[in-house]
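Trainee: Order-wise, the sequence lines are chains A and B.
Using the numbering used here, you'd call the opening residue of the first sequence number 17 and step up by one each time.
Using the numbering used here, you'd call the opening residue of the second sequence number 17 and step up by one each time.
Pasting a structure below so you can have a look.
Number of protein chains: 2
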Amino acid sequence: MNPKKHQDIHLADIQLTAVRGIPEVRPGDDLGWLIAQATETQGFALADGDVVVVAQKIVSKAEGRLVNLESVTPSALAVEIAAKQHRDPRLVEVVLGESASIIRMDDHVLVTETKHGFICANAGVDRSNVAGKDWVALLPVAPDDSALLLKTRLAELFKVNVAVIITDTFGRPWREGLTNVAIGVAGMKPLKDFRGERDDHGKELSATVLAVADEIAASTGLLMRKASRIPVVVVRGFYFEHSDGSAKELVRAKERDLFR
Amino acid sequence: MNPKKHQDIHLADIQLTAVRGIPEVRPGDDLGWLIAQATETQGFALADGDVVVVAQKIVSKAEGRLVNLESVTPSALAVEIAAKQHRDPRLVEVVLGESASIIRMDDHVLVTETKHGFICANAGVDRSNVAGKDWVALLPVAPDDSALLLKTRLAELFKVNVAVIITDTFGRPWREGLTNVAIGVAGMKPLKDFRGERDDHGKELSATVLAVADEIAASTGLLMRKASRIPVVVVRGFYFEHSDGSAKELVRAKERDLFR
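The structure is reproduced here in C-alpha cells:
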C-alpha cells in the first residue's frame, strides 16, 4: 500500500455524502429530478455502485401518502385505545387502518405489524416534518416499488446503475433509541449470507447472515437528523452485487419469530 | 457552496476507513499500540473527533477472555439444552455461565441476557475467528471499561481526543439478519435526544431519541466482514459532544420493555 496515496481521504473505504437543498416535497414531485438538481448544485454526481438512501417521508409526500385527520372518523376501537393512551383518536384510527395486526399495546405505545409486514410503532404513521397541523404521513404503499421506480429514474438521469434504499426510523425491543432501517430496497440483496465461508482459522462461519441494507440505512441515520433537512444520503464504496432485492427479505416470518 | 471543491471526496460528510493489517491478537496485547502500528503503515492518522470502532473479538482476545471447552464440565441443565439443540454441552455451559437469565429458547436458538444486560444469542459466546478447535471467546467483562482504556491509550499515542465503540453482531426480533451494535462506549453519549426540538414546520419532535452509537456500529459492520480481518474502523465526520457515556444507556430497563 502506498501511504502517501492513502492519506488522500479519497481512499476512505466508505463515504457518506448528504444531498442538501432538496426542497419541500409535494405530491406528484419527481424525486429523481429533485435529487439530480440538488446534487448538481452541490457539484456531486452519482456513480455506478452508489447506494442512494432516501428517507421515507419524502417518498410518502411525493406519492401523496398524506392524510388530513379532519377527514377521519375514528372507530370505537380507535376511541378506546386513544383514551387509554391520551392520544388523538383520529390518529389512532389511521394507525389501525395501516396495520395488519396489533403486536403490543400499553398506556403509551402501540406497536403494530404494517400491511407490508414491518413491525414498528404506530404503523409508521407520523406527524413530524409534515406541513399543516392535522396532516400525517403514512408509509409508502409498496416501498420496494418506490425504490425501483427511483432507481430506474436515476439510471435515466445520471446514466448510472445504483441501488436504492428507502428508510424509516424504528424502535426495537431490548435496546433504547431508534435506528434507521430499510423499508424499501431495489438493486441489491438486503441480506449478505456468509454461511459456508471460513474464518481466518479455517472454521466454518455459522449463523452469519448480515442485514447489510439495515446497516447502510443506519449509517445514513447519522446524517438524516430529524430536524435538519437531509432526506437523501449517498453511500459510496460499499461493494454489492447488482441484483433484484426486496425489503421483505428483512422481515422474519412469523413462524420463525420467537418474539411475537 | 463551491461545486469544484465539493467534488473532492474530502468533503464526503462521513468517512469510514478500515484499519488493515492488525495481526492476530493475543492475551495481554496492547490494542492501542497495534492500531498505531497498523494506521502508520497505512499512512493514516487518527484525528480529534474520530470514532474508533473495534470488534469485540479482538478486545476479548487482548483481555484473555478465551475458554478452552476441554476445561469445562457441563451442568445437568447445559446437557439437557445441548441435547435438545444438538450442540456441544460444554459450549452451552459457558453460555449459561455468561448469562443472567434465559430470555427465549427453542430447538435451535438460545437467547439470553448477559451479565452486562445485553440480550443476544448465546450470551455473545462465539467460536469463530478464535484459534484452536475447542477455544471460544466470551464478551469482555466490562466493555465500557475496555473502551475507556483504549480511548486513554489512543490519547497517549496519537495526542487525540476520540470516542471508542466496541461492537458485536447481534440478531433482533422481527427482522432477519444480524447487525453490528455497540456493547462498549467511551467518550460520547450513545443516545442522541432530539425531544423538544422542532421540525422544519415548527412541530415538536416526539419520541426521537436516536441510538447513534448503534448506527455508528452498524455503519462499520459494512466493513468488518466476518472473514476478512478488519477488526477496527475509524469513523470520521460524525459530530458528537465529547462526554462520558456507557453502552448501558442502550439497554432498555426490563420494566420498560414490552418484549421480554
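The beta-carbon is built from N, C-alpha and C at its ideal position, and this holds for glycine as well.
Under 9 angstroms between beta-carbons, which chain A residues line up against V146 (chain B)? List them in chain order, please.
Mentor: On the second sequence, residue 146 (chain B) is found 130 positions in, with the first residue counted as 1. By Cβ distance, chain A contributes D215, H217, K219.
Trainee: CA-CA distance, E257 (chain B) and I199 (chain B)?
Mentor: Residue 257 (chain B) sits at position 241 when you count from the first residue of the second sequence. Residue 199 (chain B) sits at position 183 when you count from the first residue of the second sequence. Near 19 angstroms, if we compare the C-alpha coordinates of I199 (chain B) and E257 (chain B).
Trainee: Measuring straight from C-alpha to C-alpha, what distance separates P105 (chain B) and A179 (chain B)?
Mentor: Here the question's residue 105 (chain B) lines up with position 89 in the second sequence. Here the question's residue 179 (chain B) lines up with position 163 in the second sequence. Approximately 39 angstroms between the Cα atoms of the pair.
Trainee: My understanding is that H217 (chain A) touches N145 (chain B), with C-beta atoms under 8 angstroms, so please give their C-beta distance in whole angstroms.
Mentor: As a working note, residue 217 (chain A) is residue 201 in the first sequence. As a working note, residue 145 (chain B) is residue 129 in the second sequence. Sure, about 7 angstroms apart at Cβ, within 8 angstroms.
Trainee: Could you name the residues of the same chain whose beta carbon sits closer than 7 angstroms to that of V125 (chain B), not counting the 5 residues immediately before and after it, in chain order?
Mentor: Against the second sequence, residue 125 (chain B) aligns to sequence position 109. Around V125 (chain B): A137.
Trainee: Look at the alpha carbon of S259 (chain A) and the alpha carbon of G80 (chain B), and state the distance between them as a whole number of angstroms.
Mentor: Numbered from 1 along the first sequence, position 243 holds the residue referred to as residue 259 (chain A). Numbered from 1 along the second sequence, position 64 holds the residue referred to as residue 80 (chain B). Between S259 (chain A) and G80 (chain B), the C-alpha separation is close to 42 angstroms.
Trainee: Can you check which of these residues, B:K100, B:S76, B:I74, B:V111, is closest to T89 (chain B) by C-alpha distance?
Mentor: As a working mapping, residue 89 (chain B) is identified with position 73 in the second sequence. Cα-wise, what sits closest to T89 (chain B) is B:V111.
Trainee: Does G200 (chain B) come out as helix, strand or coil in the three-state DSSP assignment?
Mentor: Locating residue 200 (chain B) in the second sequence gives position 184, where the first residue counts as 1. Looking at G200 (chain B) - three-state DSSP - the assignment turns out to be strand.
Trainee: Does the beta carbon of L226 (chain A) sit closer than 8 angstroms to a beta carbon anywhere in chain B?
Mentor: Start at 1 with the first residue of the first sequence, and residue 226 (chain A) comes out as number 210. By this cut-off, L226 (chain A) is an interface position.
Trainee: State the Cα-Cα distance for the pair Y255 (chain B) and S162 (chain A), rounded to the nearest angstrom.
Mentor: Taking the second sequence and counting its residues from 1, the one referred to as residue 255 (chain B) is at position 239. Taking the first sequence and counting its residues from 1, the one referred to as residue 162 (chain A) is at position 146. Each residue's Cα considered, the two are about 31 angstroms apart.
Trainee: Taking the beta strand (DSSP E) that S117 (chain A) falls in, what are its first and last residues?
Mentor: To locate residue 117 (chain A), count along the first sequence from 1; it is residue 101. Its beta strand (DSSP E) spans residues 115-121.
Trainee: Taking the runs of the alpha helix (DSSP H) that are 4 residues or longer, which of them lie wholly in the stretch 147-230 of chain A?
Mentor: Whole alpha helix (DSSP H) segments, 4+ residues: 159-174.
Trainee: Cα separation between R211 (chain A) and I97 (chain A)?
Mentor: Residue 211 (chain A) sits at position 195 when you count from the first residue of the first sequence. Residue 97 (chain A) sits at position 81 when you count from the first residue of the first sequence. Each residue's Cα considered, the two are about 44 angstroms apart.
Trainee: Please name the residue in A:P206, A:E265, A:R214, A:F275 whose C-alpha comes closest to that of V67 (chain A).
Mentor: Position 51 of the first sequence holds residue 67 (chain A). Cα-wise, what sits closest to V67 (chain A) is A:P206.
Trainee: Could you check what DSSP says for N138 (chain B) in three-state terms: helix, strand or coil?
Mentor: Translated into positions along the second sequence, residue 138 (chain B) becomes position 122. Residue state, collapsed to three classes: helix.
Trainee: Less than 8 angstroms between the beta carbons of N177 (chain B) and T236 (chain B), yes or no?
Mentor: Taking the first residue of the second sequence as position 1, residue 177 (chain B) is located at position 161. Taking the first residue of the second sequence as position 1, residue 236 (chain B) is located at position 220. Result no, Cβ atoms of N177 (chain B) and T236 (chain B) do not sit closer than 8 angstroms.
Trainee: Alpha carbon to alpha carbon, how far is V95 (chain B) from T128 (chain A)? Give it in angstroms, no decimals.
Mentor: Translated into positions along the first sequence, residue 128 (chain A) becomes position 112. Translated into positions along the second sequence, residue 95 (chain B) becomes position 79. In a straight line, the C-alpha of T128 (chain A) is about 38 angstroms away from that of V95 (chain B).
Trainee: By how many angstroms is the C-alpha of T185 (chain B) removed from the C-alpha of G140 (chain B)?
Mentor: Taking the first residue of the second sequence as 1, we reach residue 140 (chain B) at position 124. Taking the first residue of the second sequence as 1, we reach residue 185 (chain B) at position 169. If you take the alpha carbons of G140 (chain B) and T185 (chain B), they lie about 9 angstroms apart.
Trainee: Quick check on DSSP: helix, strand or coil for A98 (chain B)?
Mentor: Here residue 98 (chain B) is taken as the residue at index 82 of the second sequence, counted from 1. Helix, per DSSP.
Trainee: So L238 (chain A) and V228 (chain B) are supposed to be a Cβ contact under 8 angstroms. How far apart are they, rounded?
Mentor: Taking the first residue of the first sequence as 1, we reach residue 238 (chain A) at position 222. Taking the first residue of the second sequence as 1, we reach residue 228 (chain B) at position 212. Contact holds; Cβ gap of about 6 angstroms.
Trainee: For W151 (chain A), which residues of its own chain have a beta-carbon under 6 angstroms away from its beta-carbon, when the five flanking residues on both sides are left out?
Mentor: The residue labelled residue 151 (chain A) in the question sits at position 135 within the first sequence. Cβ within range, chain order: L82, N84.
Trainee: Should P189 (chain A) and V70 (chain A) be called a contact, given that it needs their Cβ atoms to be closer than 8 angstroms?
Mentor: Counting from 1 along the first sequence, the entry for residue 189 (chain A) is found at position 173. Counting from 1 along the first sequence, the entry for residue 70 (chain A) is found at position 54. No, the pair does not count as a contact, with Cβ atoms beyond the cut-off.
Trainee: Look at V41 (chain B) and L50 (chain B) and say whether their C-beta atoms are less than 8 angstroms apart.
Mentor: Stepping through the second sequence from its first residue, residue 41 (chain B) is reached at position 25. Stepping through the second sequence from its first residue, residue 50 (chain B) is reached at position 34. Result yes, Cβ atoms of V41 (chain B) and L50 (chain B) sit closer than 8 angstroms.
Trainee: Run through chain A and tell me which residues come within less than 7 angstroms of N196 (chain B), C-beta to C-beta.
Mentor: Here residue 196 (chain B) corresponds to residue number 180 of the second sequence, with the count starting at 1. Within 7 angstroms Cβ-Cβ: E231.
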